[in-house]
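Worksheet for the structure shown next.
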Amino acid sequence: MEKPIDGHVHLGYSIPAEEILNQMKISDVEKAVVFALPAEVGYDADMNSYVLSEAERTGVFIPFYYMLDDLKLPENIEKFRGIKWHWVRGAPHYRSNMKLLHEPRLIDLAQRLAELKLPVIMEEDLAFTKEFVRLADEVILIIPHLGLLGGSPREFLEAFKEYENVYFDTALAAKWDTEHFYREIGADRLIFGSDIPFGYMKSELAKVLTADIPEEDVKKITRENILKLTGLR
Ligand SMILES: [Zn+2]
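Quick note on the numbering used here: the sequence shown kicks off at 178 and runs consecutively.
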């Protein structure tokens with residue numbers, strides 16, 4: 178049987194590759210989407226290179242580029258499979274920087290992301306996310322934690338239920354919320370994630386595997402959807 182893939186893992190000095198590989202082994206997970214830790218990028222903007230080199234070394238990580246405050250894509254962006262976006266120039270878990278939405282550079286960036294078909298795991302307030310989706314409706318977005326940290330899952334679901342370009346990851350979410358999302362939007366836009374080191378891979382995966390969701394659809398959530406989005410299938 179094909180093994181699951183984790184769609185949301187942080188990698189850095191405080192959570193090195195070996196620890197992640199260990200959790201993957203215990204959880205029988207084949208690959209993991211990895212990106213830097215917010216706290217570490219603040220001190221060392223070069224964490225993106227670290228993530229890339231660890232992905233090349235291990236061969237089982239799918240590297241995402243951690244978006245910095247300059248809103249620029251690096252020259253080697255084609256080596257990354259997606260973007261991690263975390264309250265850019267705002268206050269994490271507290272307040273998005275709405276001014277960003279009026280910067281011409283943001284529109285250019287959105288256009289390039291759509292061209293490159295790079296999915297963006299976007300963690301921002303609901304108001305920011307809604308406006309971004311309105312401005313950049315061709316960008317593929319993945320809302321982490323079913324929207325738990327940017328507002329409430331039900332509000333995010335209500336806002337983006339009809340948007341085919343908006344996906345959700347299950348990291349740290351309650352099992353009944355994942356089941357609710359599944360009943361409302363089906364399996365095609367849901368992605369399993371653990372949020373290591375804030376979540377434990379095995380128990381985050383168990384929540385999806387034991388949810389009231391048919392096996393075929395669990396396979397989409399734990400593997401096929403993220404492969405499709407990252408161009409690996
Ligand atoms: Zn995270």
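Don't be surprised by glycine CBs; every beta carbon is placed ideally from N, CA and C.
Taking a contact to require three or more Cβ pairs closer than 8 Å, the region 187-203 and the region 267-278 do not qualify as touching.
Within the region 304-342, the runs of beta strand (DSSP E) at least 3 residues long that lie entirely inside it are, in chain order, 318-320. Here DSSP, grouped into helix, strand and coil, assigns G259 to strand. In the DSSP annotation of this structure, I182 is not part of any alpha helix (DSSP H); the continuous beta strand (DSSP E) holding it starts and ends at 182-187. For F358, there is no enclosing beta strand (DSSP E); the residue is found in the alpha helix (DSSP H) stretching over 352-362. Cβ neighbours of A291 within its own chain (closer than 6 Å, five residues either side excluded): E315, V316.
Excluding residues up to 5 positions away in sequence, P330, F333 lie with their Cβ nearer than 6 Å to the Cβ of G324 in the same chain. Closest by C-alpha distance to L349, out of I192, F369, V395, E341, is F369. One Cα belongs to D205, the other to R410, and the distance between them is close to 20 Å. Relative to ligand 1, the beta carbon of H187 is positioned inside 7 Å of a heavy atom.
D372 has its CB nearer than 7 Å to a heavy atom of ligand 1. In the DSSP assignment, P215 falls outside any beta strand (DSSP E) and within the unbroken alpha helix (DSSP H) covering 215-220. Rounded to whole angstroms, R289 and V237 show a C-alpha spacing of 26 Å.
Beta-bridge analysis with DSSP links V210 to I239.
Per DSSP, reduced to three states, the secondary structure at A268 is strand.
Measuring C-alpha to C-alpha distances from V297 to each of D354, L404, F241 identifies F241 as the nearest. Note that the C-beta distance between L382 and I182 is not below 8 Å. The Cβ-Cβ distance between I197 and I362 does not fall below 8 Å. Note that the C-beta distance between R366 and F345 is below 8 Å.
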